[in-house]
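K.L.:
One structure follows; several queries about it will come next.
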Amino acid sequence: MKRWLWTAMLVPCLHAGVIFTNFQSSICCSLGVNNAGANPQSLAGAFIPTGDYIMTDAQVKVEENGTEVPTFNLAIYNDNGGVPGSSLGSLGTGTAPSAATFNIVTLSSPAISLLTGQTYWLVMTPNAGSGVFWAGGGFPVDGDAYASNPNGAATWLNPATTGLQFQIDGTQAPTPEPAALAMLGGGLCGLLLIRRAQATRR
């Protein structure tokens with residue numbers, strides 16, 4: 005029991021929170037992306053964390069385009085001079101709702117570390133034969149990008165004048181306060197003194 009108590013005191017609490025959001029109450033427009041032809045496409049939205057986080061999920065506001073299979077993949081990319089660089093991890097496949105309205109789709113994320121002040125990109129790429137509409141709204145906070153070929157970094161362009169509606173969630177490990185560290189250190193020293201006293205009596 006004591007062993008578990010001390011272990012729990014040494015592990016910092018993890019606080020869930022919103023890393024970034026550009027969800028709007030309205031939708032000004034939409035940006036279409038498809039993988040139905042010879043030139044597959046991707047869309048990407050940039051975000052900058054204000055703290056160090058471990059990513060837990062991404063949410064996107066999307067709609068099917070009515071003519072193609074509405075499945076897509078999400079991934080997190082690092083930044084390469086203002087455009088997506090290399091993939092840091094895939095969130096898997098989502099499906100845009102079949103209703104004639106935009107809805108939020110959430111995909112769980114692997115444990116991707118996101119550092120404060122760094123630019124990252126949420127990249128959406130439809131599956132082969134698929135196409136999706138991604139809701140727009142608000143001005144691009146950090147800029148949005150569009151690519152005619154998701155496998156070629158040199159093809160990323162920046163024609164969008166609207167933001168892409170998405171949200172990034174994660175958990176943040178707080179830095180222990182100095183007073184808390186002092187109390188913990190004092191407790192550990194006290195425990196060692198007690199154990200030494202018990203050993204001396206024996």
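Our numbering numbers the first residue of the sequence shown as 5 and each following residue consecutively. Virtual Cβ for every residue (Gly too), placed ideally from N, Cα, C.
1. Is the beta carbon of VAL37 less than 8 angstroms from the beta carbon of PRO130?
2. List the residues that DSSP assigns as beta-bridge partners of VAL66.
3. Just mark ASN39 as buried or exposed, buried being the case when its beta carbon has 16 or more other beta carbons within 10 Å.
4. What is the DSSP secondary structure of THR25, counted as helix, strand or coil?
5. Put ALA157 into one of helix, strand or coil per three-state DSSP.
6. Classify ASP56 as helix, strand or coil using the three-state DSSP reduction.
7. How far does the beta strand (DSSP E) with GLN171 in it extend, from its first residue to its last?
8. Could you tell me the boundaries of the beta strand (DSSP E) in which GLU48 lies?
9. Could you compute how far the alpha carbon of THR166 sits from the alpha carbon of ALA50?
10. For the beta strand (DSSP E) that contains ALA79, what are its first and last residues?
11. What's the gap between the Cα of THR54 and the Cα of GLN122?
12. Leaving out five residues on either side along the sequence, give the residues of the same chain with a beta carbon under 6 angstroms from the beta carbon of VAL73.
13. Roughly how many angstroms separate the alpha carbons of LEU95 and GLN171, rounded to a whole number?
P.N.:
For this structure:
1. The answer is yes: Cβ separation under 8 angstroms.
2. Looking at the DSSP assignment, VAL66 forms a beta bridge with ASN107, TRP138.
3. With 16 or more neighbouring CB atoms inside 10 Å of its own CB, ASN39 falls in the buried class.
4. In the structure shown, THR25 sits in a strand (DSSP, three-state: E or B).
5. Legend: pLDDT at ALA157 = 49, less than 50; position of this residue unreliable, value from coordinates given subsequently. Helix at ALA157.
6. Residue state, collapsed to three classes: coil.
7. That run of the beta strand (DSSP E) goes 170-176.
8. Looking at the sequence shown, residue 48 is not Glu but Ala. Here the beta strand (DSSP E) through ALA48 covers 46-51.
9. Cα to Cα, THR166 sits roughly 12 angstroms from ALA50.
10. Residues 75-83.
11. Straight-line spacing of the CA atoms in THR54 and GLN122 works out to 9 angstroms.
12. Same-chain partners within the cutoff: GLY133, SER134.
13. Approximately 13 angstroms between the Cα atoms of the pair.
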